[in-house]
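Data block below; observations after.
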Amino acid sequence: MNKKSSLMSRLAGAPYIVWAALFIIVPLCMVAYYAFTDTTGAFTFDNVSGIGKYADTFILSIWLGLLATVICLFVAYPLAYIMAAKGPEKQSTMTMLIMLPMWMNFLLRTYSWMTILEDNGLLTTAINSAINLINDTILANNALSFSLDPVHLINTRGAVVVGMVYNFLPYMILPIYTVMLKTDRSLIEAAQDLGGNKLAVFKNVTIPLTVPGIVSGFTMVFVPSVSTFYISQKLGGTGTILIGDIIETQFQTANNFNLGASLSFVLMILIFICLAVMNRFSDDDGGVII
Amino acid sequence: MTKKTSIGSKLYTALVFIFLYAPIAVLIVFSFNSGKSTSVFEGFSLYWYKELFNDSATLSAFKNSMIVAVVSSVISTIMGTAAATAIHGYKNKFFKSSIMTVTNIPMMNPEIVTGVSMMLLFVFIGSLFGKTGTLGFVTLIIAHTTFELPYVILNVLPKLRQTDPHLAEAAQDLGCTPAQAFFKVMLPAIMPGIISGLMMAFTLSVDDFIISYFVSGTDSQTLPIRIFSMTKRRVTPDMYALSTLIFLAILVLLIVSNIISAHGDKKLSKKEKGGAKK
Amino acid sequence: MIKRLSSVLLVILILFVCISPVAVATGEAKDYSHLKGTTLNVYNWGEYISDGQDGTLDVNKAFEEKYGIKVNYTNYESNENMYNKLKSGGANYDVIIPSDYMIAKLVDENMLAELDFSNIPNYKYILPKYKDLYYDPDNIYSVPYTVGMVGLIYNTTMVEGNPDSWSVLWDERYAGKILMFNNPRDAFGIAQCYLGQSVNTTDIAQWDEAIELLKKQNPLVASYVMDEVYNKMEHGDAALAPYYAGDFLTMYDINPDLAFVYPKEGVNFFVDAMCIPKTAENKEAAELYINFMLEEDVAVANANYVCYASPHELVLESDDYDLKGNEVLYPDESQMPKTQIFENLDYDTQQYMSMLWNELKIEGNSNLDAYVGLSVTLVLVVTYLIYKFIKKKKREAYY
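Chains as they are written, first to last, in the working numbering: chain A, 2 to 291; chain B, 48 to 325; chain C, 653 to 1051.
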C-alpha cells in the first residue's frame, strides 16, 4: 500500500532535482567552462596557469579570513557560554539582540564603520585626543623625550579584520549557543561531581560537546570572510586587495570573464579543502549548519 | 540553575554588545542629521525622513526587493518542502546523500562564486539565443530561489524526522488518499519547520547583495544594490533614515512576537498545571 | 477620372513632403504620444544629473511628467564599468553617457546606434567647437553632454605651498594621504602626462615606464577611488586627489579648505556625450530624452548641479547659470593648461594596459605576516591531526 505514496513523494522531489541540476550543477560547470576557455571559446590552460600571479592575494585572503574567524571564535565562545547559563527570558532577549543587527543592510553597517575609523572619525579622534593628552601631561617632561604617535585606523588590514569580525560575529555566536543549549548540563555537573576541577571540566567536557557548533560557526564566518570584496574595498585601502576584489573587478569592470572564472574556480576548491580539513576536527559529519 | 552572573561576565557581554551596536547607533544618529553629511553632525532634523518619501529611486528599489523576496521565498518554500518530503522518503542511501551534498553546495560555496556562476549561465544562455538584456527580474528570482532552497530543506527535514511515519499510514488506513494524508496530517506536523524556512528565505533574500549584484539587470535594482551604488559616491542620510525605520519595525516585530510567545508559554504551563491537578 | 484621382494624390503627396520637414524643424509638431507608458533605461555616471535635491530640478521626474515615459535611471562608476555591463549582454540600456575614447571604442565595435537627429532638434545649441570631434567625426552617434579636464585637488591645511606639478602625488610626506583614480585610463593618464609621454602611446616600453611610476606611488596611496573621493576630500581624510575639475567645485562647496590646480605637465581633456546603444529597446524615447537634456532650463539645471563645463550655447549665456565664467571650468587662454585627449587604444595595447593595472592592484600585498601566520596554523593543524591519529592507534592497541 505504500507504493502509491512513495511514488508521489518521489515525484514531489522531481522539480527540486531538476532545479538543482540546472541552477546549482550547471552554473558550476559554466565556471569551469569559462576557466578553461579563452574569449573565442577555444580550450586553454592560460587562465589557470596565470593564477600563480595571484598566489599572494589568495594567501592574504585566507590569512585575514582565518584571523577574523579565530577572533570571532574567541569573542563568541565566552558570550555563548554566558548566554546559555542565563534564564530563558534573558536568553531570548539576548538572542534577539544578536540577531537584530543582521537585519540592517550590511553595506550600510560597514559604511558606518568608515565614519568611526576614518582619520577624522569618531574612534580615531577619541583615541588620538587621549594620546595627545598623555603626550602633553605625562610624557612631555620625561627624560627619554619619548612620545606616542597618533593612530591611523582606516585603510589598514586591522580595519578589514575588524569589519569581518563585526559583520560575521553573530554567525559564530548563534550556532555555538544553540549547541550549548542542547548539551546536557548534567554531564558537566557530573564531571564536576566526579572531582574534575573547573578547567579540566571545561577542556574535557564542555569544549568537546560544543565542537559541532564551533565547526558550523567556523564555516559560516570563514567562507564569507575569505571571499568578501566590499569590506576590503571600504576599509582596506591599497595594501589589502583580496581575492574577492580581483574577481569582482574581472566581472564588473575589466570584462575578463575567463580570468574571473578561473579565479572563482580556484577559490571554490581552496575553500572546500579548508572546510574538509575543518571537518576532520569534528567526529560528526558536517555538524549543524543552521 | 540561574547562577549569579559575575561582574566580569556582565562587563564582557556589555562590551560585545557595544561592539555590535556602535555602527548602528552611528547610523541612527546620522539619520537625524540636518546636514547632508554622514560623518559631521550639524543638528537635529527629520528632513531626511521626509526626503526619503520623495526619493523615487530608493522607493522603487525597496519595492523590487520586496517583490523578489516574496516571490522567491514562496517558490523556494513550496519546492523545498516537497523536496524535503521526497528526500526523507528516499530509501537509496547513496542517492540521498548525493542529493544532500548538492543541496549543501550553495551554502558552502562563497556567495561571490554562486553569483558569478549564475551570471555566467544566464549570459551564456542569452548569447546562445543571440539575445541581450537577459539579466532582470526572472534571473534575480531564479538566483534567490536557488540559494534559499537549502535553508528551507534543512529547516523542514528535522521536523519530518521528528514526525511519526506511521501517522500518514494511519490516516491512509482510515480512508485518506495519500494526498489527503499529506495535507491533513503531515503538513500540520511539519508546519513550524516550513514557517521558519519561509522566514529565513525571506530574510536572506532581502539581505542579499553579492548574488543580486551579479545577476540583476536594468529594471531590477534591489535596495542593497541601490545602497551599494550610493556607497560608491555619497550616501545621503535618507538611506540611514530608511534603515532606521526598518530597524524599528523589526524591533517592534521581535518584541511583540517575544511577548506573544512568552504569554503563550505561561498559558500553556498554567494549563498543564491545571491538568495535573485534575 | 483616374487621372484626376492621381493628380489629387500627387498634390497630397507634395503637400505631405513639404509639410513634414517643417514639422521636423519646429520639433513640437511631431507626435510622440505613442511612447506614453513605455520605459526608458538611462545609464549614467553617479552624481551626474540634477536630481531634485535641495530644490533643484528633478530632471528625470520632469521628463516623466512631460512625456509619460517612465525613466529607469541607474549609475555606473567608470567607463569600463559601463562598457562591461553593455558588452556582457546582461542588460539593455537606451541612453548611456560615455567619454570620448569609450565612444570611439564602442563605435569601433559597432555597438552604437546612429541617432535620428530629427528627434533631437536641440542639437543646434551645441557649440561648433564640440562638433566633429575625432571620436565621432561625422556627428552621427553622439551628443555632447559635458566637457572637462582632470586636475589636482588638494587640502590647503594639509599640503604645504601651492603644488603645480603632478610630482606632489609621489611626495613621501603625504604617504597615506594620497588618493588615486580607480580606473586604468585616468590613472595611467596622469603618470604619462607626468612622464611627458603621449597618453595614447602604443609603445610597450612607455607603458612599462608608466607602470613603474605607478608602482612606486602605490605604497603612498591611501586607496584607489572613484566617487568615494567626495567624502574623503570633503572631510579632510585625504590631502591630495586627482579628479575631474567639475567635481572639485561640488567638494569646495562643502569644504572651503580645498584648492584646485591644473598641473603644468598637462592634463586630460574629455568630452562626455550621450549615445544610444544598438541594443536599445526604446530608441525613439531615448532620442527624446537626449533632446530633453538639451532644453535650456534642463541643461542649465544640470550644469548648475553637475558643475562640469557645458558645451551648450544657451547655458553659457543664461543668467541662471551660477558658474558663468568660472575660472576653474573656463580658464582664460593664458591660463589654459596643456591638454591631451584619450583616443581609443588598439586591442593589444588595451589588453596590455589592463594586465599592468591588475598587477598594480595586487602590488601592495606585502605578505610576510600572512605567510608566517598561515604556516604556523598549518603546522598546528597537522600536529593536532597527527596527535589525534596516534592517540587513536594507541587506544586501538590497548583494547
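Ideal Cβ positions, reconstructed from N, Cα and C, are used throughout, including at glycine.
At a C-beta separation below 7 Å, A/Gln253 has these neighbours in chain C: Asn733 and Asn736. Per DSSP, C/Tyr735 is one residue of the alpha helix (DSSP H) stretching across Asn731 to Lys739. Against chain A, the CB of C/Asn807 has no partner CB under 8 Å away; the residue lies outside that interface. C/Arg837 sits buried, since 16 or more C-beta atoms from the chains shown fall within 10 Å of its C-beta.
When the Cα atoms are used, A/Ile52 and B/Pro153 turn out to be separated by approximately 24 Å.
For the options C/Lys718, C/Trp697, C/Asp860 and C/Pro750, the alpha carbon positioned closest to that of C/Leu1012 is the one of C/Asp860. With a cutoff of 8 Å on beta-carbon distance, C/Leu975 and C/Ala893 are scored as not near each other.
In the DSSP annotation of this structure, the continuous segment of the alpha helix (DSSP H) that includes B/Phe64 starts and ends at Ile54 to Ser78. Contact between the stretch 168-179 of chain A and the stretch 70-87 of chain A is present: three or more C-beta pairs spanning the two stretches fall below 8 Å. Counting of Cβ neighbours within 10 angstroms places A/Asp120 among the buried residues, the total reaching 16 or more.
Residues of chain C with a Cβ closer than 9 Å to the Cβ of B/Arg281 are, in chain order, Gly698, Glu699, Asp879, Glu880, Tyr882, Asn883 and Glu886. Going by beta carbons, C/Phe922 and C/Val980 fall outside the 8 Å limit. Here the alpha carbon of C/Lys757 sits roughly 25 Å from the alpha carbon of B/Ser263.
Looking at B/Thr85, B/Val163, B/Leu93 and B/Ser290, the one whose alpha-carbon comes closest to that of A/Gln251 is B/Val163. The beta-carbon distance between A/Arg158 and B/Pro70, rounded to whole angstroms, is 19 Å. This is too long to meet the 8 Å contact definition.
Note that the C-beta distance between C/Gln987 and C/Cys845 is not below 8 Å. CA-to-CA, the gap between A/Ala141 and C/Lys829 works out to about 28 Å. Chain C places a beta carbon closer than 8 Å to that of A/Thr58, counting this residue as a contact.
By the Cβ neighbour-count rule, C/Ser819 is exposed, with fewer than 16 other Cβ atoms within 10 Å of its own. Here B/Arg273 is buried, its C-beta having at least 16 other C-beta atoms within 10 Å. Along the stretch 809-824 of chain C, there is no position whose C-beta sits under 8 Å from a C-beta of chain B. An exposed status is given to C/Ile856, since fewer than 16 other beta-carbon atoms sit within 10 Å of its beta-carbon. Each residue's CA atom was taken as its position, placing A/Ile132 and B/Leu289 some 37 Å apart.
Under DSSP, the beta-bridge partners assigned to C/Val919 are C/Thr991. Leaving aside the five residues that flank A/Val206 on each side, the residues in its chain whose CB is nearer than 8 Å to its CB run, in chain order, Leu188, Ile189, Ala192 and Gly197. C/Pro929 sits in a strand when the DSSP states are folded into three classes.
Interface annotation, C/Tyr957: not in contact with chain B, CB-CB separation never under 8 Å. Listed by position along chain B, the residues whose Cβ is nearer than 9 Å to that of A/Thr116 are Pro70, Val73, Leu74, Phe77, Thr85 and Ser86. Residues of the same chain with a CB within less than 7 Å of the CB of A/Lys91, apart from the 5 flanking positions on each side, do not exist.
Contact with chain C is found for B/Gln268, since one of that chain's Cβ atoms lies less than 8 Å from the residue's Cβ.
The alpha-carbon of C/Lys713 is positioned some 23 Å away from that of C/Met734. Neighbours of B/Val63 across chain A, judged by C-beta separation under 7 Å: Val76 and Leu80. B/Ser78 is classed as buried because its beta carbon has at least 16 other beta carbons within 10 Å across all chains shown. Here B/Cys223 has Lys231 as same chain residues with Cβ atoms under 7 Å from its own Cβ, once five neighbours each way along the sequence are excluded. Among the residues of chain C, those whose CB is under 8 Å from the CB of A/Tyr55 are Ile1014, following chain order. Beta-bridge pairing by DSSP links C/Lys722 to C/Thr691.
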